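Here our numbering is used: the first residue of the sequence shown is 889, the next is one more, and so on.
Yeah, the Cβ is synthetic: ideal placement off N, Cα and C, and Gly gets one too.
Please read these numbers as outputs of a predicted model, since none were measured by experiment.
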Amino acid sequence: AHLEFHVGSVDEQEDQRGMAHMIEHVCFLGSERRITLQSGGLGMTSNACTDFNHTVYHISMDSQHMSRGLEALADIGFTPAFRAERVEKERAAVLSEAQMVNDCTYRLQTQIIGAVHSDNRIHTRFPIGLEAQIAKWSVEQLRSFHRKWYVPENATLYIIGDVDEEGVRAE
């Protein structure tokens, strides 16, 4: 199952560069329900990613665990815990990730994208963001971004696999 929010780095304001990616980390890794499911011996795997236009959370599971997996996705996307200690832990992870990707290949890619997309915002809104901004956002700024974009009207749920469509809709 994939839960896609139609928000990515091109939707960020000038002082929010990288915030969609930071929110992804805080929501995904800060979800107690996701952590419990993965450690509960149910064979579930999960991941998340942010690009220019989307933020996607996904869980792979046996169809017998569909209800629990969908509950975890709802928890991840709609009711994350923005605890200060979790935000700081994820801030450190995102800053570390930003340093790791900043190699010759990444810089070349940014130049190519800049040349191809010079007429729009894409070339100034790489998902990884700007380290100086990432380092200073408050918990409330992150919550505000989440409240704006992480709403049902801005999300699409995809369920793929051996499932009963009627049964899933009923849940």
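Buried or exposed: which applies to residue i, given that a residue is buried once 16 or more other Cβ atoms fall within 10 Å of its Cβ?
i	result
Cys992	exposed
Val1004	exposed
Ala936	buried
Met988	exposed
Glu976	exposed
Val1051	exposed
Thr933	exposed
Ile1022	buried
Pro1015	buried
Asp963	buried
Ile947	buried
Glu900	buried
Glu978	buried
Where do the ends of the alpha helix (DSSP H) carrying residue i lie?
i	result
Ser976	The identity of residue 976 in the sequence shown is Glu, whereas the question assumes Ser. Glu976 -> alpha helix (DSSP H) spans Ala972 to Val989.
Glu900	Here Glu900 belongs to no alpha helix (DSSP H), and DSSP marks it neither H nor E.
Val1004	Cys992 to Val1004
Lys1036	Val1027 to Trp1037
Gly1017	Premise fails: Gly1017 is in no alpha helix (DSSP H) and is neither H nor E.
His953	No alpha helix (DSSP H) holds His953; DSSP gives it neither H nor E.
Val1051	That residue, Val1051, is in no alpha helix (DSSP H); it is neither H nor E in DSSP.
His1011	First-last for His1011: undefined, no H or E at that position.
Ala908	Met907 to Leu917
Based on the DSSP output, what are the partners of residue i in its beta bridges?
i	result
Val944	Glu892 and Cys937
Thr1044	Glu892
Determine, using beta carbons only, whether residue i and residue j come nearer to each other than 7 angstroms.
i	j	result
Arg905	Phe970	no
His1034	Ile911	yes
Phe940	Ser897	yes
Asn1008	Phe893	no
Gly957	Tyr1038	no
Gly1002	His909	no
Leu1045	Leu917	no
Val1137	Ala972	Nothing can be reported for residue 1137: it is not among the residues displayed for the chain, which extend from 889 to 1059.
Ser955	Glu1053	no
Thr943	Val895	yes
Leu961	Ala889	yes
Val1056	Ile1047	yes
Glu1019	Ala980	no
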